[in-house]
Each structure stands twice: as C-alpha cells, then as structure tokens.
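Using the UniProt record's numbering, the final residue of the sequence shown is 551, and nothing's skipped along the way.
One structure is given below, encoded as structure tokens.
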Amino acid sequence: MDATTDNSQRRPFSIKLWPPSENTRKMLVERMTNNLSSPTIFTRKYRSLSKEEAAKNAEEIEDAAFTIANQHYEKEPDGDGSSAVQLYARECSKLILEILKKTPKSEDKEISISEVVPTVQETFFDISKGKRAFIEAEEAQELLKPLKEPGNSYSKICFSNRSFGIDAARIAGPILATLKDQLKEVDLSDFVAGRNEAEALDVMNIFSEALEGSNLKFLNLSDNALGEKGVRAFGKLLQSQTNLEELFLMNDGISQEAANAVSELVPSTEKLKVLHFHNNMTGDEGAVAIAEIVKRSPLLEDFRCSSTRVGSEGGSALCEALGMCSHLKKLDLRDNMFGPEVGLVLSKALSKHENLKEIYLSYLNVEDEGAIAIANALQDSAPSLAVLEMAGNDITAEAASAIASCIAAKQLLAKLSLGENELKDEGVIQIAKALEGHKHLIEVDMSSNALRRAGARVLAQTVLQKDEFKLLNVNGNFISEEGVDELKEIFKKSPEMLASLEDNDPEGEEEGDEEDEEKESGDEDVEDELESKLKNLDVKQEASVDAPDSN
C-alpha cells in the first residue's frame, strides 16, 4: 500500500472569504478602537474608554472573535468561509458591547477580556506536521497522550503523513474508540504509506472498528492506495455513517470494483455536500457506480472526479446524475476522455445549476460541439460563476462566439482558462471584447492557442484595465518579437502581471497554414485590420450584465 501523492498537481483556483488577511484584521482593530473610545449610542449609554484602553481591548476582542470563528470554520467548513466571516463580525460586536457594559465606574480598575470571553478549548488534534515517517508503538503512546486526557474537547483529528504499523494501530485503536462519540472530522489520508498490503489492511481494520458508530461529518481516506480490499477494510466505519457531509477518496486506486464497493458501503449520502475522487483508475464502469452515489446525494455542492480515466459511457452517466444535484457550487471533471457527446449531456445538466461558482472542464476532448453546448447552457445559468476552465479541449474560433456570449453574462468571473486550444486571434479577440466590463477579473490563461501579435495585444490591453487583475498567460503562442516587445511595454508598470513567454515561438506556424505565415511575415497592417474588424463584432449579451459586483 505504498501511495505517493502528486504534489505537482495544481490546486484548483478557489475564492475563499476565510481567513481574513492580516491587513483586514488590523483595520478591524482600528475601527473597534474608535468605537470603544468615541461618542456612540452605546458609549453614551454605558461609558467610553480611553484610547489606550480601547486599543488594548480591541486587540483582545479581535483575537478572541477570530479564534471562535476559526474553530467554527474548521469544524463546519462551508466552502467559501462566509459563515465564519459572519460569526467573526457577530462576536466582535457582542464583545464590544460586553466590555462597555462591564466597564467599571471607578477609574482604578480595568476589565480584562478574559472576564467577558470564556476559555476556548482546543478541538483539533493534528500529527501531520513535520517529516513524513513511520510511527511505531512507543512513539504512538507518547504522541497520542493528549487524546487520553479526561474531558478533552477534540472533535477533529488528523493522522495524515505518518505511517502507522500494526503495533501503533493497536495503541491508537482503543484511544479512538473512547473518543468516537465526540469526533466530527477524521483525516486518515496517507497513514499506511510504505507498509506491505497485509499489514496495511490490518491497520485499516483496527481503525475502522475503533471508529465504527461515530457520527462524522468529514472523512478523508485519500492517498492510501486502497483498492477494493482497502475500501472493504473500512467497511464497518463507512456503513455506520449516517450524517457524512464530506468524503475524500483521492489517489486511492479506486478501480471499477473499488467504486462498486464504495457505492455499496456508503449507503447513506442524503447529507453529503463534498465528494472527491481525484486521480484514480475508475474507468467507465467505475464511473457508473460513482454516478449512483451522486444520484443519492441531493445536497451535493462540491464534486470532483478528475483524472479518473473515464470515457464516454461513464462520463454520460456521471453528467446525467449531476443533473439531479441542484445545489452544486463547484464541479471538477478535468482530465478524462469524455468527447463531444458527453459535452452535450453535460450541457443539459449545467442548465439546471443556478448556484455554480467554479467549473473545471479542462482536457475532456469536448471539441467545438461540446464547448458550444456547454457555453450556451452556462450563459443562461450560474449567474455567480467566478471560475471557468476549459483548457485542452481542441476548441477553435468556431466556438468563440458562444463562449464570448457566455462570458459577457458572467460579470463576477475572476478566472478564465482556455489554454491549449486553437482559438487563434479571431477567437481570442472576440473573447477579449466580452471581458471588457468585468471588474473582478484576476487571471486569464490563453497559452498555446496559435495566438499572434494582434490577439495578444487586444487581450493585454483589455485585462490591464482591471483593478484586481494579477496574471495573463499567453505563453506558447506564435507572437512575433515585435509583439513580445509590445506586450512588455504594455505591462512595463506591472511586469509581474505578464507570465513568462519563454515557450513563445516567433517563427511558429501551423502545418499547411500559409495564410497565417503571410500575416506574420511583416505585414502589420493585416494584423491591425484583423484586430479592427474583430473588435467591432457584436457579442451577444442576452443575460444581464448588471449582476451585483460581489459579496
């Protein structure tokens, strides 16, 4: 069961509201200091504090509120952290009022925040930090001591990155059994690496029996090369879960047989919100089994089935099942062998998803036919879409109009990735025009699109106007040396916003494309004419572009 995690795998772009930045926290402290020391309805009713005392209390209030909100986020992650932000604000407001109420009339006594805020007990036990290593009985005995302390409040444990042998598992099992009634989150990812199969299965059985009957919301069994035997070794744990909200089985050797075992052993998925199957050998028949799980998960918000060797048959089954999940916010199906036909099936499912914010559909071979269907479906749904990835799908300029119309309707779009396609200047300029009014755009990837000087210039000029923009990638194209110089000039005040151009090929041309060769031979007027004509193309904007800025 020697599993290795692909650390080079790029993490999907995601918009998070929690935790707040240090600058945001500092600004909040300053605002609270002012509220505690300046005339307000509450300071008039109770009493205002001196600037010095207000500043001290504001820092303590912010720290206490942050701790409470952060523990809420760790116990009940909601995807973007919005509920943690709301709790953070409520706690700050509540504690300000409590401090003012408790402020003494006499000048010689100060109120400490500790008198207002109860002690917050530790709830997260994590041994994953530090060097990846084997753990045996003696070390396990010492390492797990805090879990044996009477009255502890641990509700979340992470044993990832440490490989348990059979003797260590025999130490851990009884300890976990005493905690199972209070545990809500369990992370056992990558916890048997390097062990032979027999020992690894014995360890899994011990942990499974110890945690059987627990009431978990979160379970991560990733990076354990489970296969069907490993899934069944966790059978007692899986079958006993009735309130599971998040399940992770990534890089686990989930074959067709293992997928069938998962479907069989996780019968209760009515509350499941997050389901991840990244980097497995699932195949079509395995995908059909996963589709059955999806059908039983009406509250699903975040589904990932990327790099799972799924073809047309399995892809169609998955996409049909996804049509039943009306709460979906994030969808990642990257790096499978779907083809155009599955793109059409997926488009029907996407038309039902009003809550979708992030969609990752790169390397699915949907081609123009699938891309047009998907773009048309998204244009009339997913009004809050923030991330759209469709790289590596053999998309040409033929699909650009539909994609541009879709993008024009998504005013909250933050990231757009269409790299490794064949959009060329004609397609890219249409899409650039559709991006002109987008205030929240952060990143655009148009790498490896047979792009030349005209398309690169228009795109660069468009994104440069965005206040929040951070990165444009047009690497791997056919931009002339003059065009490269022009791009660098456009971004001279913010060179970090232009990704490396080391793979650009100024002499590049597609085989048999004589017309493009003539365009790049030095006739700049031809490029300017192309740019002018394309910039004047009408882009359909049937969906409203007056969507709210952001929350």
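Glycine is no exception: its CB is placed at the ideal position from the N, C-alpha and C atoms.
**OP:** Quick one: grab the DSSP three-state call for residue 295.
**Re:** helix
**OP:** Report back the beta-carbon spacing between residue 361 and residue 374 to the nearest angstrom; my notes put them in contact at under 8 angstroms.
**Re:** 7 angstroms
Subject >> Cβ-Cβ separation, residue 350 to residue 326 (assumed contact under 8 angstroms), whole Å >> reply: The Cβ separation is near 12 angstroms, so there is no contact.
**OP:** Report the residue from 166, 448 and 463 whose alpha carbon sits nearest the alpha carbon of residue 439.
**Re:** With distances taken between Cα atoms, residue 439 lies closest to 463.
Original post:
What number of angstroms, rounded off, separates the C-alpha of residue 190 from the C-alpha of residue 331?
Top reply: 24 angstroms
Original post:
Skipping 5 residues on each side, what residues in its chain have a beta carbon closer than 7 angstroms to that of residue 397?
Top reply: 423, 424, 426 and 427
Original post:
So what's residue 360 in DSSP terms, helix, strand or just coil?
Top reply: strand
**OP:** Excluding the 5 residues preceding and the 5 following residue 54 in the sequence, name in chain order all residues of the same chain whose CB lies nearer than 7 angstroms to its CB.
**Re:** 33, 36 and 37
Original post:
Which ranges does the alpha helix (DSSP H) cover as unbroken runs of at least 4 residues, wholly within the segment 128-204, from first to last along the chain?
Top reply: 137-143 and 166-179
Subject >> Under the three-state DSSP convention, the category residue 396 falls into >> reply: Assigned with DSSP and collapsed to three states, residue 396 falls in strand.
**OP:** Tell whether a beta-carbon distance below 7 angstroms holds between residue 211 and residue 247.
**Re:** In this structure, residue 247 does not lie closer than 7 angstroms to residue 211 by Cβ.
Subject >> Between the CA atoms of residue 506 and residue 261 - distance to the nearest angstrom >> reply: For residue 261 and residue 506, the distance between alpha carbons rounds to 53 angstroms.
Subject >> Option in 217, 306 and 320 with minimal Cα separation from residue 270 >> reply: 217
Original post:
Below 8 angstroms, can you find three or more Cβ-Cβ pairs linking the segment 382-394 to the segment 344-358?
Top reply: yes
Subject >> the segment 87-103 contacting the segment 126-142, beta-carbon criterion three pairs below 8 angstroms >> reply: no
**OP:** Could you give the DSSP three-state label for residue 246: helix, strand or coil?
**Re:** strand
Subject >> Where residue 313 falls: helix, strand or coil (DSSP) >> reply: helix
Subject >> Pairwise C-alpha distance: residue 481 and residue 80 >> reply: Cα-Cα distance, rounded: 42 angstroms.
Original post:
Thinking just about the alpha-carbon of each residue, which of 158, 267, 390 and 353 is nearest to the one in residue 368?
Top reply: Restricting attention to 158, 267, 390 and 353, the CA atom closest to the CA of residue 368 is found in 390.
Subject >> Presumed contact (8 angstroms Cβ cut-off) between residue 134 and residue 194, rounded CB distance >> reply: 7 angstroms
**OP:** Express the C-alpha separation of residue 83 and residue 300 in angstroms, rounding to a whole number.
**Re:** 18 angstroms
**OP:** Tell me, to the nearest whole angstrom, how far the beta carbon of residue 182 is from that of residue 208; I am working on the premise that it is less than 8 angstroms.
**Re:** So it is not a contact: roughly 18 angstroms between Cβ atoms.
Subject >> Which listed residue (255, 215 and 223) has its alpha carbon closest to that of residue 236 >> reply: 215
Original post:
Excluding sequence positions up to five away, which residues of its chain have a Cβ less than 7 angstroms from the Cβ of residue 490?
Top reply: 460, 461 and 464
Original post:
So, helix, strand or coil for residue 568, using DSSP?
Top reply: No statement about residue 568 is possible, as the shown extent of the chain runs from 1 to 551 and does not include it.
Original post:
With distances taken from CA atoms, which of 164, 198, 267 and 244 is nearest residue 233?
Top reply: 198
Original post:
Between the C-alpha atoms of residue 206 and residue 200, what's the straight-line distance to the nearest angstrom?
Top reply: 10 angstroms
Original post:
Beta-carbon separation of residue 249 and residue 221 under 7 angstroms?
Top reply: yes
Original post:
Based on the DSSP secondary-structure assignment, which residues constitute the bridge partners of residue 445?
Top reply: 417 and 473
Original post:
Taking the beta strand (DSSP E) that residue 387 falls in, what are its first and last residues?
Top reply: 387-389
Original post:
Cβ of residue 312 within 7 angstroms of Cβ of residue 341?
Top reply: Judged by their CB atoms, residue 312 and residue 341 are nearer to each other than the 7 angstroms cut-off.
Original post:
Taking the C-alpha atoms as reference points, what is the distance between residue 203 and residue 171?
Top reply: Distance between the alpha carbons of residue 203 and residue 171 is about 11 angstroms.
Original post:
In whole angstroms, what is the alpha-carbon distance linking residue 434 and residue 378?
Top reply: 15 angstroms
Subject >> Inter-residue CB distance, residue 345 and residue 321 (contact presumed, cutoff 8 angstroms) >> reply: In fact, because the Cβ distance is near 10 angstroms, the residues do not count as touching under 8 angstroms.
Subject >> Bounding residues of the beta strand (DSSP E) (the contiguous stretch that carries residue 45) >> reply: Segment 41-45 is the alpha helix (DSSP H) holding residue 45; no beta strand (DSSP E) there.
Subject >> Proximity below 7 angstroms, CB of residue 186 to CB of residue 157 >> reply: Closer than 7 angstroms, so yes.
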